[in-house]
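Novice: Numbering (my numbering), first residue to last: 1 to 352. All C-beta atoms, glycine included, are put in the ideal place defined by N, C-alpha and C.
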């Protein structure tokens, strides 16, 4: 798969885990999720024995501006020059760190990515975006810096916890709803088999990237068509923040999609049958996590801080039907807040 970007095309290749890493090329520095290094010590033995390799804990605290000098100094002390390439092995946090370093060190370095989570493989690995945290504020500094190539192997997903797989499936559901009814119906049919069938899961990773590719190539810098990829994210980010990130990102997005669909129904944009069909799919993904208690005041506070908001209105990605997802602004009034309170009560009691 070839993705077009402002820096030229880059490639997504599907294959065996860690293809091409049996030998580390000169002028290469590899940054690895420490947990991945532990799980795959044997296939990554050459990488891990290389002095330029850097292991990082994949936590939000390590994806902060305050930690970047530590990583930069490791690379500089390793002899970093402008003809070097950075390699990222891990999920979205490692991707954000390496992409940010590649964009800023020595005014720009090429980088490659081996995504090891379903969320990264099916969503974040393409699109050029990276973000890091500043203090308590999440994803405030970032760039659009695509990798030169991406190596996807669903074989590494077998070591993920079941909840982490469902977190990744949240982004799969998102793009399938954005695509239309045919993709929704196919995913609804196959969803129960995805975790037990690696070949089927790889098909859905490919399809997810194909759907996303159309949006990011049309709008790489988030100015128009790409904004619909925020479906589920406005509510999802507020849920993550309000629960102090106890809700994983992909699960937050899944609840956020159900939330957006609920608001769309209450606003008269979709009928009850459409809501029920989509709810069955989203609830299948987040329901196993159990009831989710979302503090109301913290939720509304986080929602009001969304960077897409303007002049007291909230920017929401809603839908008229699968395949017709759109962004618009709505008054942050009591009617809207009452609908939100009704939904928060539903998820707190695990309403199926």
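(1) Please report the Cβ distance between residue 95 and residue 130, rounded to the nearest whole angstrom; I am assuming they are in contact, meaning their Cβ atoms lie under 8 Å.
(2) Tell me where the alpha helix (DSSP H) around residue 295 begins and ends.
(3) Return the Cβ separation of residue 191 and residue 122 in integer angstroms, given the expectation that the two are a contact with Cβ distance under 8 Å.
(4) Relative to the C-alpha of residue 162, which candidate in 57, 318 and 251 has its C-alpha closest?
(5) Got a sec, what are the start and stop residues for the beta strand (DSSP E) residue 151 sits in?
(6) Could you pull out every unbroken beta strand (DSSP E) segment of at least 3 residues lying fully inside the stretch 32-90, listed in chain order?
(7) Kindly indicate which three-state DSSP category residue 161 falls into: helix, strand or coil?
(8) Kindly list the residues whose CB is nearer than 6 Å to the CB of residue 27, restricted to its own chain and excluding five residues on each side of it in sequence; keep chain order.
(9) CA-CA distance, residue 43 and residue 103?
(10) I need the boundaries of the alpha helix (DSSP H) containing residue 92, first residue and last residue.
(11) Report yes if the C-beta distance between residue 313 and residue 329 is below 8 Å; otherwise report no.
(12) Give me whichever residues DSSP pairs with residue 198 in a beta bridge.
(13) Alpha carbons only, please: which of 59, 282, 20 and 7 is nearest the one belonging to residue 231?
(14) Out of curiosity, what's the CA-to-CA distance linking residue 51 and residue 225?
(15) Kindly examine the ligand COA and report whether one of its heavy atoms sits closer than 7 Å to the Cβ of residue 265.
(16) What did DSSP end up calling residue 138 once you bin it into helix, strand or coil?
(17) Going straight from the alpha carbon of residue 116 to that of residue 338, what length do you get?
(18) By the 10 Å Cβ neighbour count, where 16 or more other Cβ atoms means buried, how is residue 165 classified, buried or exposed?
(19) Can you tell me which of the three DSSP states residue 229 falls into?
(20) Spell out the partners DSSP gives residue 326 in its beta bridges.
(21) Where does the unbroken alpha helix (DSSP H) through residue 286 begin, and where does it stop?
(22) Roughly how many angstroms separate the alpha carbons of residue 291 and residue 142, rounded to a whole number?
(23) Using only alpha-carbon positions, find the residue among 288, 302 and 324 that is nearest to residue 347.
(24) Distance, Cα to Cα, residue 169 vs residue 119?
(25) Give the C-beta separation of residue 325 and residue 177 to the nearest angstrom, bearing in mind that I take them to be a contact with Cβ-Cβ under 8 Å.
(26) For residue 303 and residue 315, which I take to be in contact (beta-carbon distance under 8 Å), what is that distance rounded to the nearest angstrom?
(27) Exposed or buried, which one is residue 137 when buried takes at least 16 other CB atoms within 10 Å?
(28) I think residue 214 touches residue 204, with their Cβ atoms under 8 Å apart; what is that distance to the nearest whole Å?
(29) With 16 other CB atoms within 10 Å as the buried threshold, where does residue 276 fall?
(30) Exposed or buried, residue 6, counting other C-beta atoms within 10 Å across all chains shown (16 or more means buried)?
(31) For the putative contact between residue 155 and residue 124, defined by C-beta atoms under 8 Å, what is the C-beta separation to the nearest angstrom?
(32) What did DSSP end up calling residue 179 once you bin it into helix, strand or coil?
(33) Contact defined as beta carbons within less than 8 Å: I believe residue 89 pairs with residue 184. What is the distance between those atoms, to the nearest angstrom?
(34) Give a yes or no on whether the C-beta atoms belonging to residue 259 and residue 235 are separated by under 8 Å.
(35) Could you tell me the alpha carbon to alpha carbon distance between residue 345 and residue 21, rounded to whole angstroms?
Specialist: So, from the listed chains and residues:
(1) Stepping through the chain shown from its first residue, residue 95 is reached at position 95. Stepping through the chain shown from its first residue, residue 130 is reached at position 130. Between residue 130 and residue 95 the Cβ distance is about 7 Å, and since that is below 8 Å, they are a contact.
(2) For the purposes of this step, residue 295 is identified with residue 295 of the chain shown, where counting begins at 1. Premise fails: residue 295 is in no alpha helix (DSSP H) and is neither H nor E.
(3) Counting from one through the chain shown, the residue named residue 191 turns up at place 191. Counting from one through the chain shown, the residue named residue 122 turns up at place 122. Incorrect: roughly 14 Å between the Cβ atoms, too far for contact.
(4) Here residue 162 is taken as the residue at index 162 of the chain shown, counted from 1. Here the closest residue by C-alpha is 251.
(5) One-based indexing of the chain shown puts residue 151 at position 151. Unbroken beta strand (DSSP E) run through residue 151: 149-152.
(6) 54-56 and 85-90
(7) Numbered from 1 along the chain shown, position 161 holds the residue referred to as residue 161. Reduced to three states, the DSSP call for residue 161 is coil.
(8) Here residue 27 refers to the residue found at position 27 of the chain shown. Same-chain partners within the cutoff: 83 and 84.
(9) Translated into positions along the chain shown, residue 43 becomes position 43. Translated into positions along the chain shown, residue 103 becomes position 103. If you take the alpha carbons of residue 43 and residue 103, they lie about 28 Å apart.
(10) For this step, residue 92 is matched to residue 92 along the chain shown. From DSSP, the alpha helix (DSSP H) with residue 92 extends over 92-104.
(11) Along the chain shown, one-based indexing puts residue 313 at 313. Along the chain shown, one-based indexing puts residue 329 at 329. Yes.
(12) As a first step, residue 198 must be located in the chain shown, where it is residue number 198. In DSSP, residue 198 forms no bridge with anything.
(13) Start at 1 with the first residue of the chain shown, and residue 231 comes out as number 231. Residue 231 has its Cα closest to that of 282, out of 59, 282, 20 and 7.
(14) Locating residue 51 in the chain shown gives position 51, where the first residue counts as 1. Locating residue 225 in the chain shown gives position 225, where the first residue counts as 1. Near 43 Å, if we compare the C-alpha coordinates of residue 225 and residue 51.
(15) Looking at this structure, you won't find the ligand COA or any other ligand, since it has none at all.
(16) The count along the chain shown starts at 1 and reaches residue 138 at position 138. Residue 138: strand per DSSP, three-state reduction.
(17) Your numbering for residue 116 matches position 116 in the chain shown. Your numbering for residue 338 matches position 338 in the chain shown. Taking the straight line from one Cα to the other gives about 40 Å.
(18) Numbered from 1 along the chain shown, position 165 holds the residue referred to as residue 165. By the neighbour-count rule (16 or more Cβ atoms within 10 Å), residue 165 is buried.
(19) To locate residue 229, count along the chain shown from 1; it is residue 229. Correct three-state label for residue 229: helix.
(20) In the chain shown, the residue the question calls residue 326 occupies position 326. Per DSSP, 318.
(21) As a first step, residue 286 must be located in the chain shown, where it is residue number 286. That run of the alpha helix (DSSP H) goes 272-286.
(22) Within the chain shown, residue 291 is the residue found at index 291, counting from 1. Within the chain shown, residue 142 is the residue found at index 142, counting from 1. Taking the straight line joining both Cα atoms gives about 34 Å.
(23) One-based indexing of the chain shown puts residue 347 at position 347. Nearest C-alpha to residue 347: 288.
(24) As a first step, residue 169 is located in the chain shown; it is residue number 169 there, counting from the start. As a first step, residue 119 is located in the chain shown; it is residue number 119 there, counting from the start. Looking at the two C-alpha atoms, the distance is approximately 7 Å.
(25) Your numbering for residue 325 matches position 325 in the chain shown. Your numbering for residue 177 matches position 177 in the chain shown. Yes, they are in contact, since the Cβ atoms of residue 325 and residue 177 sit about 7 Å apart, within 8 Å.
(26) The residue labelled residue 303 in the question sits at position 303 within the chain shown. The residue labelled residue 315 in the question sits at position 315 within the chain shown. Actually they do not touch by this definition, with Cβ atoms about 10 Å apart.
(27) For this step, residue 137 is matched to residue 137 along the chain shown. Burial call: exposed.
(28) Counted from its first residue, the chain shown places residue 214 at position 214. Counted from its first residue, the chain shown places residue 204 at position 204. At roughly 16 Å, the Cβ-Cβ gap does not stay under 8 Å, so residue 214 and residue 204 are not in contact.
(29) Along the chain shown, one-based indexing puts residue 276 at 276. Exposed, by the Cβ-count rule.
(30) If you number the chain shown from 1, residue 6 lands on position 6. When all chains shown are included, residue 6 counts as exposed.
(31) Position 155 of the chain shown, counted from the first residue, corresponds to residue 155. Position 124 of the chain shown, counted from the first residue, corresponds to residue 124. Wrong, their Cβ atoms sit about 19 Å apart, outside the cutoff.
(32) In the chain shown, counting from the first residue as 1, residue 179 sits at position 179. Looking at residue 179 - three-state DSSP - the assignment turns out to be helix.
(33) Reading the chain shown from its first residue, position 89 is the one you call residue 89. Reading the chain shown from its first residue, position 184 is the one you call residue 184. Not confirmed; about 33 Å, so no contact.
(34) Locating residue 259 in the chain shown gives position 259, where the first residue counts as 1. Locating residue 235 in the chain shown gives position 235, where the first residue counts as 1. The answer is yes: Cβ separation under 8 Å.
(35) As a first step, residue 345 must be located in the chain shown, where it is residue number 345. As a first step, residue 21 must be located in the chain shown, where it is residue number 21. Residue 345 and residue 21: Cα-Cα distance of roughly 49 Å.
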